[in-house]
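K.L.:
Below is the structure I would like to discuss, written out as structure tokens.
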Amino acid sequence: MRALLLFFCLVGPAHADLYRWIDPESGSVKLSSLPPSEPGINAEVVPYRAPALPKPPAAPAKPAATMVQALQAKWSEILTQIAGLSPQDFQRGGEGLKQHLEAYEAVRVELDRIDPVGAARRRAESASLLDKIKQGLAAQFSPTPPGREQ
10 MRALLLFFCL VGPAHADLYR WIDPESGSVK LSSLPPSEPG INAEVVPYRA PALPKPPAAP
70 AKPAATMVQA LQAKWSEILT QIAGLSPQDF QRGGEGLKQH LEAYEAVRVE LDRIDPVGAA
130 RRRAESASLL DKIKQGLAAQ FSPTPPGREQ
């Protein structure tokens, strides 16, 4: 008990004032825990301000389930649109198909980034569809129509 009382008696006066004054010879600002030794110098006591506590590092944001669900819905919608393409769509011009594929790739990359666990499942789901696209493009550029090979 005495040790605790002695500890608090010694710790209490540990706070020191900080004095600030301008040196009359050099004109520079002086700071010290002791007042100036010359009695003619006016020193002001600087109030103590505790340093700001550093902010804790932000925890990495977990992917919001709603964001994953929204991207998943967009991905499914694009796959449905691509699956609905007919052979005539491949022959009309590739700009619409190109836009669908670019949108698919952008959504897939974002989904894989925030939900890497589902990447393999999505890849398996879209494999047959991508094969259909390859066949459609091959048929567009082949000299004979598909199904009428010689």
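Basically the working numbering = 1-based index in the sequence shown + 9.
A virtual CB, placed ideally from N, CA and C, is assigned to each residue, including glycine.
Here the structure is a predicted model, which means the values were calculated and not measured.
By the three-class DSSP mapping on this structure, what secondary structure does ARG132 have?
P.N.:
helix
K.L.:
Going by beta-carbon coordinates alone, are ARG132 and TRP84 separated by less than 8 Å?
P.N.:
no
K.L.:
Smallest Cα separation from LEU8: which of ARG122, VAL126, ASN51 and ILE87?
P.N.:
Since the displayed the chain opens at 10 and closes at 159, residue 8 lies outside it and no answer follows.
K.L.:
Write down the C-beta distance between GLU134 and LEU80 rounded to the nearest angstrom, noting that I regard them as a contact closer than 8 Å.
P.N.:
With a Cβ gap of about 14 Å, GLU134 and LEU80 do not count as contacting.
K.L.:
Which residue from ALA136, ASP124 and GLN90 puts its Cα closest to that of GLN108?
P.N.:
GLN90
K.L.:
Among the residues of its own chain, which have a CB less than 6 Å from the CB of VAL55, if the five just before and after it don't count?
P.N.:
LEU27 and ARG29
K.L.:
I'd like to check one pair, VAL77 with ASP124: are the Cβ atoms closer than 8 Å?
P.N.:
yes
K.L.:
State the DSSP-derived secondary structure class of LEU120, mapped to helix, strand or coil.
P.N.:
It is helical.
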